[in-house]
């Protein structure tokens, strides 16, 4: 049987037998107690319950020569299937190649009502400010991180100190804000100016990942279309996305479907990730697709360049059991590797979406997976869900009215 045909418990047992999770982790998944009440209370205010999202995994990812399964948390049925589908085509053509730089988070200290000599004073104390900022978080220095840059910018009667911080494996929001607030007091003392604010920026320019993949034509073909024709149509659709902002938005949404699902599953801040990605897509002054597809040496070549603003330690990542389980399941060692994997997921989802659009259309695969949700909405329970979904897929009629009709006929047998 295929993975999607197994029960939840059978899939958990598959992960256990394949050595992706331990016996304790398998028991934890089967218990369905993803977040203890006291922990939930500590993570949010006025807490009254847990809002659950489906938690699954994508398969067939090979990134920089290493195989992965990828935990994903999302409510849209086709995303995990699309990730696995795209990853398999790429894996069978050689896999993903990812390039990841340092993890630099930028922060801003803004001075207001500055004086004539303020800029010069800051320049004169440049090295002292950097040293003070490093001293503000000594444990970060021990882990190999610390201040990577300090730049000054003038804005009318304000001056910005832009500080870059290498946060190593942490997402870094709390680290950077702590450094900024302590350093701001020192800066205020040096300049005798008021601090308007000190806060990190969710710009992702210091956390960019580039993922590339080549796909053989024969891995793209359909029963009615050659792989070369599919590849040419994917290239044409990408070209259109570079010219049409409305298409570029949906092009990138398909990428973020996969990226956000992994960000969620690992306990990271998907709002920060979205902010960084959308800003990056607009950096030229025109909103553009984050990926590009071309034909090189008789193969479809994809390249995705985008910020991946996540961590593998700290905050909710370290405290949430499901986040820890996700990292363990992936067998990633640090945020650098995790960023590479997340970038690969984005490119895999992008490939699947583009291939579907230029061949059968997006609804053919999407609605066949959506059929279970329709069955539930129609009132199906237990085994009825699979039976109604199977009939909807057989009829290719995916409407709520038809789902209700199929359910009524099933119950009247």
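Residue numbers (this note's numbering): 5 to 417. Every residue gets a Cβ at the ideal spot worked out from N, C-alpha and C, and that includes glycine. Since the model is a prediction, treat every value here as computed from it, not as a measurement.
Same chain, Cβ closer than 6 Å to residue i, five either side skipped, listed in chain order
i, result
"residue 9", "none"
"residue 356", "86, 89 and 90"
"residue 152", "108, 168 and 170"
"residue 149", "170, 171 and 172"
"residue 313", "208, 211, 276, 277 and 280"
"residue 174", "315, 317 and 318"
"residue 338", "173 and 316"
"residue 237", "362"
"residue 103", "214"
"residue 261", "83 and 353"
Endpoints, the beta strand (DSSP E) within which residue i is located
i, result
"residue 163", "162–170"
"residue 155", "150–159"
"residue 215", "212–220"
"residue 200", "198–204"
Separation of residue j from residue i, as counted between CA atoms
i, j, result
"residue 170", "residue 79", "34 Å"
"residue 203", "residue 190", "15 Å"
"residue 266", "residue 76", "5 Å"
"residue 165", "residue 345", "33 Å"
"residue 142", "residue 97", "46 Å"
"residue 12", "residue 231", "35 Å"
"residue 49", "residue 42", "12 Å"
"residue 54", "residue 133", "44 Å"
"residue 240", "residue 162", "46 Å"
"residue 66", "residue 112", "38 Å"
"residue 119", "residue 158", "12 Å"
"residue 379", "residue 74", "27 Å"
"residue 130", "residue 179", "21 Å"
"residue 185", "residue 386", "55 Å"
"residue 40", "residue 51", "12 Å"
"residue 147", "residue 332", "21 Å"
"residue 364", "residue 258", "17 Å"
Residues of its chain near residue i, where Cβ-Cβ distance is below 7 Å and the 5 sequence neighbours each way are ignored
i, result
"residue 235", "221, 224, 299 and 304"
"residue 274", "264, 267 and 268"
"residue 33", "16"
Span of the alpha helix (DSSP H), counted from its first residue to its last, around residue i
i, result
"residue 231", "231–247"
"residue 31", "27–35"
"residue 410", "404–415"
"residue 24", "Looking at the DSSP string, residue 24 is not in any alpha helix (DSSP H), and its letter there is neither H nor E."
"residue 276", "274–285"
"residue 139", "130–139"
"residue 191", "177–195"
"residue 392", "388–399"
"residue 146", "142–146"
Contacts around residue i, its chain only, beta-carbon distance under 8 Å, and the 5 residues preceding and following it disregarded
i, result
"residue 383", "408 and 411"
"residue 198", "115, 116, 117 and 192"
"residue 249", "290 and 291"
"residue 30", "16, 17, 19 and 20"
Residue i CB to nearest heavy atom of the ligand PLP below 6 Å
i, result
"residue 254", "The model depicted lacks the ligand PLP and carries no ligand whatsoever."
Cβ distance (whole Å) where residue i is taken to contact residue j below 8 Å
i, j, result
"residue 306", "residue 216", "7 Å"
"residue 310", "residue 57", "Not quite, the Cβ-Cβ distance comes to about 23 Å (not below 8 Å), so this is no contact."
"residue 270", "residue 330", "5 Å"
"residue 272", "residue 321", "6 Å"
"residue 246", "residue 293", "6 Å"
"residue 125", "residue 195", "5 Å"
"residue 60", "residue 99", "About 22 Å separates the two Cβ atoms, so there is no contact after all."
"residue 35", "residue 326", "That belief does not hold up - the Cβ atoms of residue 35 and residue 326 are roughly 12 Å apart, past 8 Å."
Length-filtered (3 minimum) beta strand (DSSP E) runs lying within the region 49–126: If only complete runs of 3 or more residues are kept, the region 49–126 shows the beta strand (DSSP E) at 59–67, 70–77, 101–104 and 108–116, in order along the chain.
If we require 3 or more residues per run, which beta strand (DSSP E) segments fall completely within the region 294–378? If we require 3 residues or more, the beta strand (DSSP E) runs fully inside the region 294–378 come out as 295–300 and 303–311.
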